[in-house]
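Quick note: the sequence shown, position 7, residue 10 per the numbering used here, numbers continuous. Worksheet: the structure to be examined is printed underneath.
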Amino acid sequence: MYGLSVLAFAVLAVAAPAPQRNRGGNRNGGGNGGGQQRATAQQQAAQVPGGISQAQDGSTIVDDTVNINGLPIRFKVSAPADQFMANTNIPGAAATAASNGTMGVNVLLHGDGGQSFFDFPNQNVQANTMGVVLLAPDPNLFWGGGQGLERTDGVEHAQAVSDFVTQALPQMVAFDPNAVVFSGVSGGSLLMSGFFIPSQMANFPNSAVELNCGALPPQVDFVNGAQVLSQTKIHYQSTQNELASLQQSIPQAVAAYESAAAQAGLSTNEINQLQTVDNTPQGGHCEFDGRDFVDGVQVMLSSYASVMQGGDGTVQGIGAPSNGQVRNGVVGNENLRFGAAPRRRALDGERMTVMRWAAEVAGN
Ligand SMILES: *[C@@H]1O[C@H](CO)[C@@H](O)[C@H](O)[C@H]1NC(C)=O
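Here is the structure:
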């Protein structure tokens with residue numbers, strides 16, 4: 004079941020989300036005890052206008068919101084203009100409604116606080132694959148809601164992501180439904196591995212998921228598990244100084260998916276082709292370049308096709324001492340070695356939250 008507002012695309016030019024400051028009555032400002040309550044991350048994000056803009060590679064970016072199963076799903080699609088459906092009235096749109104395109108789609112789920120939604124590190128076309136990012140329908144902009152490793156809305160959010168791609172996206176842009184791949188960053192990776200892969204990946208044949216700086220063992224039953232595990236590439240990418248909670252949950256996820264694949268009848272060799280893992284760069288949470296969250300995430304997404312879509316597995320610009328080659332089969336590499344975690348506040352959701360974009364909103 005889904006409740007897509009079909010007419011949304013016809014009014015794209017004026018569809019920037021309305022600001023919702025609601026300073027007096029919001030109960031999700033959290034922790035600033037008394038006095039004026041802060042706007043939630045979701046409310047602050049609503050102050051960033053949507054609309055149409057240009058990607059770094061000249062593609063057209065459309066930023067709009069649709070209602071999926073009662074959840075507001077704000078999205079950005081970045082594609083060559085002529086791939087948008089002509090009836091969207093996007094300048095240059097030329098695709099025919101109800102036709103499949105030839106391009107693939109890389110759907111990215113951001114980490115807690117939404118930073119990668121605003122950065123859109125997969126906006127450039129790569130390996131004939133367009134980029135899509137989705138903003139979590141949650142006051143804190145946490146994919147799966149909850150906090151830390153407890154993603155209490157994981158089932159509903161995974162369903163909404165799947166329904167967005169299968170129901171809403173085809174009305175917007177032409178793409179090949181057999182070439183849909185996924186990327187997670189931090190909290191987005193928790194939703195992907197904890198909920199989306201088991202419950203929704205049967206809808207996306209021959210897919211791939213890059214789980215950056217986060218993973219959870221499956222939290223729900225598999226749907227068509229044998230098919231999903233035999234067709235889905237999974238790469239886990241972390242760093243040596245990963246957050247303490249993730250230093251535990253990433254190896255647990257690696258072991259759980261490996262074991263599920265073995266139970267589904269895959270050989271060691273087949274598992275190592277499909278499931279790969281690396282955490283060699285020295286750096287903190289998502290600092291894959293050895294230095295910085297935003298640049299680190301960009302490094303992984305810029306080499307996405309190399310790792311996930313049949314390339315040689317080399318990541319350009321990854322941090323030392325990695326040699327750039329990250330596709331290590333999981334079998335025999337389950338026990339990742341980590342260094343010191345940033346600080347000893349285990350299972351602390353706060354440290355996963357990155358919201359640099361909000362400073363720009365406040366500075367306007
Ligand atoms: C688009 O691709 C899907 C999946 O292969 C297929 O079921 C559907 O019939 C195709 N639609 C068109 C209009 O070709």
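Here a beta-carbon is modelled for each residue, glycine too, at the ideal position from N, C-alpha and C. Everything numeric in this text was worked out from a predicted model, so none of it was measured.
- Looking at the backbone, the Cα of N227 and that of P208 are separated by about 11 Å.
- For the pair H288 and R294, the Cα-to-Cα distance works out to about 10 Å.
- Between V65 and the set A89, Q240, M175, the nearest pair of CA atoms involves M175.
- Scanning K79, A323, V108 for the CA closest to the CA of F120 turns up K79.
- At least 8 Å separates the beta-carbon of G286 from that of T317.
- Burial is judged here by how many other beta carbons sit within 10 angstroms of a residue's own beta carbon; E261 has at least 16 and is buried.
- Taking 7 Å as the cut-off, one finds at least one heavy atom of ligand 1 near enough to the beta carbon of N103.
- Pairing G134 with A58, the inter-Cα distance amounts to about 10 Å.
- Classified as buried, R154 has 16 or more neighbouring CB atoms from the shown chains inside 10 Å of its CB.
- Between the segment 296-306 and the segment 250-264 there are fewer than three inter-stretch CB-CB distances shorter than 8 Å, so the stretches are not counted as touching.
- Distance check between Q328 and each of G61, Y239, M195, A205 places Y239 closest, using alpha-carbon atoms only.
- In this structure, ligand 1 has a non-hydrogen atom nearer than 7 Å to the beta-carbon of N181.
- The way I'd put it, the segment 327-343 doesn't touch the segment 156-165; fewer than three beta-carbon pairs between them come closer than 8 Å.
- When DSSP states are grouped into helix, strand and coil, R359 belongs to the helix group.
- CA-CA distance, F341 to R77, rounds to 35 Å.
- Assignment of E159 by DSSP, reduced to helix, strand and coil, places it in the helix class.
- Less than 8 Å separates the beta-carbon of L304 from that of P124.
- V51 is not a Cβ neighbour of T132, given a cutoff of 8 Å.
- With contacts defined by Cβ atoms closer than 8 Å, A177 and Q312 do not form a contacting pair.
- Every unbroken stretch of the alpha helix (DSSP H) spanning 4 or more residues and falling wholly within the segment 44-95 is given here in chain order: 44-48.
- Residues F185, M195, I237 of the same chain have their beta carbon placed closer than 6 Å to that of V212, with the five preceding and five following residues left out of the count.
- Selection N331, A267, M88 evaluated against T283 yields N331 as nearest (Cα-Cα).
- With contacts defined as CB atoms closer than 8 Å, S270 and N206 fail to qualify as a contacting pair.
- In the same chain as Q203, and ignoring 5 residues on each side of it, the C-beta atoms closer than 6 Å to its own belong to A161, S165, in chain order.
- Distance from A182 to G107 at the Cβ level is roughly 3 Å; contact confirmed, criterion being Cβ atoms closer than 8 Å.
- Ranked by how close their Cα comes to the Cα of L74, the residues P220, A365, P142, A308 have P142 in first place.
- Remark: C-beta atoms of A44 and L144 approach each other more closely than 8 Å.
- Inclusion of G320 and D292 in the CB contact set at 8 Å is warranted, their separation being smaller than that value.
- Between the alpha carbons of N275 and A263 lies a gap of roughly 13 Å.
- In summary, T356 is buried, with 16 or more beta-carbon neighbours lying within 10 Å of its beta-carbon over all protein chains present.
- Beta-carbon to beta-carbon, P220 and Q255 are separated by about 5 Å, close enough to satisfy the 8 Å threshold.
- In this structure S62 touches A82 by the C-beta definition: roughly 6 Å separates them, less than 8 Å.
- S192 is the residue among S192, W360, N244, S252 whose C-alpha sits nearest the C-alpha of L112.
- Within the DSSP secondary-structure output, Q129 pairs in a beta bridge with T132.
- In this structure, the alpha-carbon of P180 lies about 44 Å from that of Q40.
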